[in-house]
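For reference, the structure discussed in these notes is given below.
Numbering (the working numbering), first residue to last: 349 to 665.
Listed below in structure tokens is the structure:
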């Protein structure tokens, strides 16, 4: 699966979704004008390249014309933000800050629900994450990792043909984009899995796809239910991290090499939120060679294995 590789996430929140350039690279990012939760681009060329993937969500999930006529224009449903655009930008930044945990939970949940890839994920299924507002209302400088509170996940099995077609198109467009942008040293994905992020008390949703690799039936996945508990433990760690100011990310940038995520903290540097790791090697943390306090997300686990062992198991399925 893609779990054999993990491409490290950039330390800055906002960057071109195609080439990965950010304001720190000297480029000025532009946004899609058609939606309230817009992706960002460094050029018209990158925006054009992303359109086949972005089209479904731009025309349905985040369409300005649809939302302008909805109840989200009411102050109570803006959750203290001045405008709908401010709300959706803050939600997008929060999701970006916790991207590794959200992607990991989505993939593990898909593995467990669909028998480790032995069953095909139907087009009508999507994992839904529900959130609420947490940081003080109207504060534009809130830490992006703490602006919202994770509530729960649930599987949605849509029956509306229009929504099913939207999900199918988003999955297909996401896969096409992943394959176009996949580095030569990384195996091309077999499919795409979807996650729907919703904010309670708001009509705003964000639909996102992640690359999917079918497990090797002769590999670790053949252990089947014996993998349930360790994967559930890793899921607990990920979900707990969503309600902390210490999101998990890869400690350094690299392509085609294993990067075990570690916790870190966002700091405001040169008008940007930049993530900095608490440490770069889990062994240092386990052996007490770091300055950080015990991690709350690791408390009360059933198995109590070293986090790096859970991550390595996950990446090698």
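Ideal Cβ placement from N, Cα and C applies to all residues, glycine included. Since this is a predicted model, take the numbers as computed values, not measurements.
Can you give the Cα-Cα distance for residue i and residue j, rounded to whole angstroms?
| i | j | result |
| --- | --- | --- |
| residue 607 | residue 650 | 25 Å |
| residue 652 | residue 646 | 8 Å |
| residue 567 | residue 525 | 28 Å |
| residue 481 | residue 496 | 4 Å |
| residue 456 | residue 615 | 30 Å |
| residue 398 | residue 623 | 26 Å |
| residue 509 | residue 471 | 10 Å |
| residue 557 | residue 443 | 13 Å |
| residue 596 | residue 585 | 10 Å |
| residue 544 | residue 661 | 26 Å |
| residue 396 | residue 367 | 12 Å |
| residue 560 | residue 546 | 22 Å |
| residue 429 | residue 592 | 21 Å |
| residue 654 | residue 427 | 39 Å |
| residue 643 | residue 625 | 13 Å |
| residue 512 | residue 506 | 6 Å |
| residue 458 | residue 464 | 8 Å |
| residue 369 | residue 632 | 32 Å |
Span of the alpha helix (DSSP H) holding residue i?
| i | result |
| --- | --- |
| residue 521 | 509 to 529 |
| residue 454 | 447 to 461 |
| residue 562 | Counting along the chain, residue 562 falls outside any alpha helix (DSSP H), and DSSP gives it neither H nor E. |
| residue 584 | 576 to 589 |
| residue 660 | 655 to 663 |
| residue 631 | 630 to 634 |
Would you check if the distance between the CB atom of residue i and the CB atom of residue j is smaller than 7 Å?
| i | j | result |
| --- | --- | --- |
| residue 577 | residue 446 | no |
| residue 598 | residue 609 | yes |
| residue 492 | residue 548 | no |
| residue 364 | residue 380 | no |
| residue 499 | residue 478 | yes |
| residue 474 | residue 542 | yes |
| residue 521 | residue 400 | yes |
| residue 536 | residue 528 | no |
| residue 583 | residue 375 | no |
| residue 540 | residue 519 | yes |
| residue 628 | residue 552 | no |
| residue 581 | residue 658 | yes |
| residue 618 | residue 594 | no |
Count the other C-beta atoms from every protein chain shown that fall within 10 angstroms of the C-beta of residue i, then say buried if there are 16 or more, exposed otherwise.
| i | result |
| --- | --- |
| residue 572 | exposed |
| residue 637 | exposed |
| residue 600 | exposed |
| residue 415 | With a pLDDT of 41 at residue 415, under the threshold of 50, the modelled position of that residue is not reliable, and the figure given next carries that caveat. It is buried - the Cβ of residue 415 has at least 16 other Cβ atoms within 10 Å. |
| residue 635 | exposed |
| residue 621 | buried |
| residue 639 | exposed |
| residue 641 | exposed |
| residue 570 | exposed |
| residue 461 | exposed |
| residue 565 | exposed |
| residue 531 | exposed |
| residue 502 | exposed |
| residue 402 | buried |
| residue 648 | exposed |
| residue 431 | exposed |
| residue 451 | buried |
Assuming residue i is part of the beta strand (DSSP E), what are its boundary residues?
| i | result |
| --- | --- |
| residue 502 | 496 to 505 |
| residue 610 | 610 to 617 |
| residue 673 | Look at the range of the chain in this structure, 349 to 665, and you will see that residue 673 is not part of it. |
| residue 474 | 473 to 481 |
| residue 624 | 620 to 625 |
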